[in-house]
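Chains as they are written, first to last, in the working numbering: chain A, 1 to 130; chain B, 131 to 256.
Virtual Cβ for every residue (Gly too), placed ideally from N, Cα, C.
Note that the coordinates shown come from a computational prediction; the quantities given were computed from them, not determined experimentally.
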Amino acid sequence: MRSADRPLSPHLQIYRWQLTSVMSILHRATGIALSAGTILLVWWLVAAASGPEAFEGAQDFLGSWIGLLLLFGWTVSLFYHLCNGVRHLVWDTGHALDLESTYLGGWVVAGATAALTLVAWIAGIARWVS
Amino acid sequence: MRSPIGRAIGLGSAKEGVQHWWAQRLTAIALVPLCLWFVASIIAIVGADLETVQNWIGQPLPAILLVLLLVATFYHLSLGLVVVVEDYVHTELAKLGLVIAVRLLSFGFAVAGIFAVLSIALGSAS
């Protein structure tokens, strides 16, 4: 059997995911997404420094549905990476490393991410329509 | 198996890593308040025109915090992305190329962002 044909372990089709491993993978995924998102931030800053035409172009893109979708994904990623990053910093002090605490911390991070994203977008939309 | 002197100096076989680990944590701690401030500030200027945005960036405190945000963000992400590359890319040439790209691009974007903030704050933007 060629090495590429060998069965994978863990067997991904029947593998039962755990909150802890999913959150670990998401931490890395959101980190990569946020890195890509910084291009948007720098573009917006450079546009603001370049003058009305460039700024209008950047604002139009950010206000389009694809721009808003990217901004929403960026917000979720940022709050997730931030909250889970704090969870990592707590672990670095040697605390909350037992199984029960890692699961509890995981759910707290998931809840905090949802709450912060919701608050940010409600505040943003309220600001937009006013 | 580590010798007593190796244990005392704290070096593993890689002879480095503490600096990377520490810089990642330091920038992470800095980014917690900076990111929260940034999101709150952006919400406050949603839909604003160029003049309002320039006036906001031009004030001393937002300008300073934006520069700090850019420095911490790009330092933090270059450390993180290098680890990702080292974990998944196993061809030496591709790994080297990607690590160089991550380092140079993150440095370049950081300089571009900082320059934009400073040119607005110091009044040379149009």
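- Neighbourhood of Asp92(A) in chain B, by CB distance below 8 angstroms: Arg155, in chain order.
- Excluding its 5 nearest sequence neighbours in each direction, Gly31(A) has C-beta neighbours in its own chain below 7 angstroms: His81, listed in chain order.
- By the Cβ test, the stretch 229-239 of chain B is not in contact with the stretch 167-179 of chain B, since fewer than three Cβ pairs between them sit closer than 8 angstroms.
- Around the beta carbon of Tyr205(B), 16 or more other beta carbons lie within 10 angstroms, which makes this residue buried.
- Per DSSP, the continuous alpha helix (DSSP H) segment holding Asp60(A) begins and ends at 52-63.
- Residues of the stretch 201-232 of chain B whose Cβ lies closer than 8 angstroms to any Cβ of chain A, in chain order: Thr203, Phe204, Leu207, Gly210, Leu211, Val214.
- Ser236(B): member of the alpha helix (DSSP H) spanning 222-251, first to last residue.
- One alpha carbon belongs to Phe72(A), the other to Ser9(A), and they sit about 35 angstroms apart.
- DSSP places Trp186(B) in the uninterrupted alpha helix (DSSP H) bounded by 180-188.
- Chain-ordered, the chain A residues with CB closer than 7 angstroms to the CB of Ala158(B) read Gly85, Leu89.
- The DSSP-derived three-state label of Ser133(B) is coil.
- Per DSSP, reduced to three states, the secondary structure at Leu97(A) is coil, with no helix or strand assignment.
- The C-beta of Arg16(A) comes no closer than 9 angstroms to any C-beta of chain B.
- At a cut-off of 9 angstroms between beta-carbon atoms, Phe237(B) makes no contact with chain A.
- Nearest CB-CB separation between Pro52(A) and chain B: below the 9 angstroms threshold.
- Pairing Val229(B) with Val212(B) gives a Cβ-Cβ distance under 9 angstroms.
- Val183(B) reaches chain A at Ala48, counting residues in chain order whose Cβ is nearer than 7 angstroms.
- Comparing C-alpha distances from Ser24(A) to each of His88(A), Thr93(A), Trp121(A), Leu104(A) shows the shortest one belongs to His88(A).
- Among the residues facing chain B, Thr113(A) is not included, as its CB has no counterpart in that chain under 9 angstroms away.
- Neighbours of Ala123(A) across chain B, judged by C-beta separation under 8 angstroms: Ile173.
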